[in-house]
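Enquirer: Residue numbers (the working numbering), protein chains in the order written: chain A, 1 to 317; chain B, 318 to 588. A virtual CB, placed ideally from N, CA and C, is assigned to each residue, including glycine. Let me begin by handing over the structure; questions about it come next.
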Amino acid sequence: MSVIVVDALSKTYQAPLGGKRVEALKSVSLAVEPGAVFGLLGRNGAGKTTLVKLLLGIAQPTAGSFSLFGAPAGDVRVKSRVGFLPENHRFPPFLSGEDALRYLGRLSGLSDNEAKRRIPEALELVRLSERGKFKVKSYSKGMMQRLGLAQATLHDPDILFLDEPTDGVDPVGRKEIRDILLDLKAQGKTVFLNSHLLGEVEMVTDRVAILENGELVEEGDVKELTDSRGAYRLDAADDALAKLDATVVARFQLERAEPKGWRFHADSIDALNEFVDLLRAARVRVVELSPVRSTLEDVFITKIAAPAPTAPTEDAQ
Amino acid sequence: MRNVWTVAEYTVREALARKIFVAFFIVSSLGVALTALIVSFIDSAQLSAGVEAAGTALGREAIVAQIFFFLKTPLVAVAILLSIFAVANLVPLMMERGTIELFLSKPVTRAEALTGRFIGGLLVVLANVFYLVFFIWVIISGKLGVWHLPALYLVLTILLAFASLNAIIVLIGVWTRSSILGMMTAYFVFLALSPALSYREYLYELGGGDALKIILDSLYYVLPKTSEVLGSTTDALIGGGALDWQPALTTLAFTAVAFGAALYSFWKKDF
Chain A
1 MSVIVVDALS KTYQAPLGGK RVEALKSVSL AVEPGAVFGL LGRNGAGKTT
51 LVKLLLGIAQ PTAGSFSLFG APAGDVRVKS RVGFLPENHR FPPFLSGEDA
101 LRYLGRLSGL SDNEAKRRIP EALELVRLSE RGKFKVKSYS KGMMQRLGLA
151 QATLHDPDIL FLDEPTDGVD PVGRKEIRDI LLDLKAQGKT VFLNSHLLGE
201 VEMVTDRVAI LENGELVEEG DVKELTDSRG AYRLDAADDA LAKLDATVVA
251 RFQLERAEPK GWRFHADSID ALNEFVDLLR AARVRVVELS PVRSTLEDVF
301 ITKIAAPAPT APTEDAQ
Chain B
318 MRNVWTVAEY TVREALARKI FVAFFIVSSL GVALTALIVS FIDSAQLSAG
368 VEAAGTALGR EAIVAQIFFF LKTPLVAVAI LLSIFAVANL VPLMMERGTI
418 ELFLSKPVTR AEALTGRFIG GLLVVLANVF YLVFFIWVII SGKLGVWHLP
468 ALYLVLTILL AFASLNAIIV LIGVWTRSSI LGMMTAYFVF LALSPALSYR
518 EYLYELGGGD ALKIILDSLY YVLPKTSEVL GSTTDALIGG GALDWQPALT
568 TLAFTAVAFG AALYSFWKKD F
């Protein structure tokens, strides 16, 4: 059974007194399977945060429906199985890191004894053990993100919603957060990752959806979306184009690639091996041959190859 | 219920961490110290002799009540003005972006979150008002040797009046996310509207006929009667006079309705 099922979900924000009307989400449908790391991609203002807010009951849908663990929208009890790291979250500044976790842990349903046991573990997980007794207001942006991740995982939720988790975090911190996400995945947790940092998403997600101007424009497995689809890159010590017959060049669509080498297409493994045989027959010395993978960024840019949307969403709230 | 108390507890801690609470405590302490200083000038032997000459122990209690009638106005003014200031931003702070999302992502209902915040504000004020009134009562009672317990009703009447103003602050906070607007409205009700409506009989004379009378009467019965709760109701409770429950009950009803409206608005709100 899917952990998240979203069916034709829409959200329109209407300013009071007949003011501006913003369609933040337009009939979005998707499903997330248990144990998956699901990436929701989109530009700023595409509707990513709105979708998460709807799923968590922070905003209410205009139309459509959704369920979390089979429970319908508005069921507060299901939130004890949910961890959430909001974008630009704020902890009470007068509390220490430990106190903030104790507070949010209690609100998540942890008993005082469970909190006592879990807090050091959560701080250890995000490498904040030594700063746990410091006031939150003394934390850097990166430390705040890590503390946010600690509070999201504190009560051992089954699903994590992470809204831009690596925002403002240095490269080392990003790597640490990625490792934590992969560790959570290994534990069988479902992760719903909201980000516009495509490289980050590509490294950890199994499946992605792309939102543009409130609409779902793509959804699929990362491997399928970034599949080479028969494209290969050739690096050779000799000029392959000059040495190969024109019919071979045409058949395998051989062309120069930037900054060096050649690109060609082979529809199957047999075709690929035939091409290698032809190269060898033409005495082309092969240095390297590898499949060309699209990056998630390529896929994203292709899908979003349109002028910037005019309708703001999250930022407009 | 656990969630309500958790939110209330951390609301108190939040208030404790802020300078306004410290200022409130300092002002309360100054009030207590000033009372102690004034009372120290009272010659209790002479006072006792005077009271004995006047008659019975009831005379002493009446003196304590009279002292509290005298102290009540500055006490109430300080307590309510500082209380409003101390709690005005509790709800807008909770509704700040980044904070409210954390709250609402937890298995906490919106009603629990707002109720916890409201009760937390009341507890903050109760602690300070109790400190202020109780120690003044101890000083006066100790000096006179009469422990007039009804004087402590002042704590309850201040709390009731404040609860109605806090409900206004919370309602406006939910609607507008503004602490300033909530504070201004509460001050307006406490300092102008409620005192004016308690003397509405005099306002009838301004003209306007029955229409003005209906409007003023409606406002009087709908809005909280902080002026009367802290005036005649408190006097009756402390001094043992005839007690009219109407101001206290209608103020309590207003508090319930205003807070109910705040809960409904908070429940429907998108963040």
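What does the Cβ neighbour count give for W262 (chain A), buried or exposed, with the cut at 16 atoms within 10 Å?
Expert: Buried, because 16 or more other Cβ atoms sit within 10 Å of the Cβ of W262 (chain A).
Enquirer: Counting only beta-carbon atoms, is D315 (chain A) nearer than 8 Å to chain B?
Expert: Confidence in D315 (chain A) is poor, its pLDDT being 44 and thus under 50, which makes the residue's placement too unreliable to answer from.
Enquirer: Could you check how far apart the C-beta atoms of T50 (chain A) and L25 (chain A) are, in whole angstroms? I think they sit under 8 Å.
Expert: 5 Å
Enquirer: For a cutoff of 8 Å on Cβ pairs, would you count L104 (chain A) as touching chain B?
Expert: It does: the Cβ of L104 (chain A) has a partner Cβ on chain B nearer than 8 Å.
Enquirer: Please classify L560 (chain B) as buried or exposed, where buried requires at least 16 neighbouring CB atoms within 10 angstroms.
Expert: Burial call: exposed.
Enquirer: Just verifying my parser: in three-state terms, what is the DSSP assignment at W584 (chain B)?
Expert: helix
Enquirer: Contact defined as beta carbons within less than 8 Å: I believe L466 (chain B) pairs with V450 (chain B). What is the distance between those atoms, to the nearest angstrom?
Expert: That pair is no contact at about 12 Å.
Enquirer: What do you get for L431 (chain B), buried or exposed, if any count of 16 or more other CB atoms within 10 angstroms of its CB means buried?
Expert: Counting Cβ neighbours within 10 Å, L431 (chain B) comes out buried, since at least 16 surround it.
Enquirer: How about the stretch 50-59 of chain A and the stretch 105-122 of chain A: do they share at least three Cβ pairs that are nearer than 8 Å?
Expert: no
Enquirer: Could you spell out the range, first to last residue, of the beta strand (DSSP E) harbouring G109 (chain A)?
Expert: Taken as a continuous stretch (DSSP letters only), G109 (chain A) belongs to no beta strand (DSSP E), as it is neither H nor E.
Enquirer: Would you decide whether K79 (chain A) is buried or exposed? Buried here means 16 or more other CB atoms lie within 10 Å of its CB.
Expert: buried
Enquirer: For a contact meaning CB atoms closer than 9 Å, what does R77 (chain A) contact in chain B?
Expert: Within chain B, the residues near R77 (chain A) are P424.
Enquirer: In chain order, what residues of the stretch 526-544 of chain B put their CB closer than 7 Å to some CB of chain A?
Expert: none
Enquirer: Could you pull the start and end residues of the beta strand (DSSP E) that P291 (chain A) belongs to?
Expert: V286 to P291
Enquirer: From A340 (chain B) to G558 (chain B), what does the alpha carbon distance come to, in whole angstroms?
Expert: 35 Å
Enquirer: Would you say P312 (chain A) reaches chain B, if we count a Cβ-Cβ gap shorter than 8 Å as a contact?
Expert: Note on P312 (chain A): pLDDT 49, under 50, position unreliable in the model; no value is reported.
Enquirer: So is W454 (chain B) buried or exposed if we call it buried at 16+ other beta carbons inside 10 Å?
Expert: Buried, by the Cβ-count rule.
Enquirer: For N320 (chain B) and chain A, any beta-carbon pair shorter than 8 Å?
Expert: yes
Enquirer: Using a Cβ cut-off of 8 Å (strictly closer), state whether K189 (chain A) contacts chain B.
Expert: Taking Cβ atoms only, chain B never reaches closer than 8 Å to K189 (chain A), which makes this a no.
Enquirer: With Y516 (chain B) as the anchor, note down where its alpha helix (DSSP H) starts and where it stops.
Expert: Element bounds for Y516 (chain B): n/a, residue is neither H nor E.
Enquirer: Would you say A334 (chain B) reaches chain A, if we count a Cβ-Cβ gap shorter than 8 Å as a contact?
Expert: yes
Enquirer: Cα separation between V37 (chain A) and E164 (chain A)?
Expert: 14 Å
Enquirer: Quick test of the definition: if touching needs 3 or more C-beta pairs under 8 Å, does the stretch 322-342 of chain B touch the stretch 429-443 of chain B?
Expert: yes
Enquirer: If we define contact as Cβ-Cβ less than 8 Å, is L580 (chain B) a contact residue for chain A?
Expert: no
Enquirer: In whole angstroms, give me the CA-to-CA distance for S422 (chain B) and L162 (chain A).
Expert: S422 (chain B) and L162 (chain A) have their alpha carbons spaced roughly 12 Å apart.
Enquirer: Which chain A residues sit within Cβ distance under 7 Å of T416 (chain B)?
Expert: Using a Cβ-Cβ cut-off of 7 Å, T416 (chain B) is close to R90 of chain A, given in chain order.
Enquirer: Express the C-alpha separation of L547 (chain B) and T474 (chain B) in angstroms, rounding to a whole number.
Expert: 6 Å
Enquirer: Straight-line CA distance for D277 (chain A) to L244 (chain A)?
Expert: 11 Å
Enquirer: Counting Cβ pairs closer than 8 Å, one from the stretch 57-71 of chain A and one from the stretch 132-146 of chain A, do we hit at least three?
Expert: no
Enquirer: For E288 (chain A), which residues of its own chain have a beta-carbon under 6 Å away from its beta-carbon, when the five flanking residues on both sides are left out?
Expert: D235
Enquirer: Under 8 Å, CB to CB, which of the residues in the stretch 36-56 of chain A have a partner in chain B?
Expert: K53 and L56
Enquirer: Does N113 (chain A) pass the burial test, meaning 16 or more other C-beta atoms within 10 Å, or should it be called exposed?
Expert: exposed
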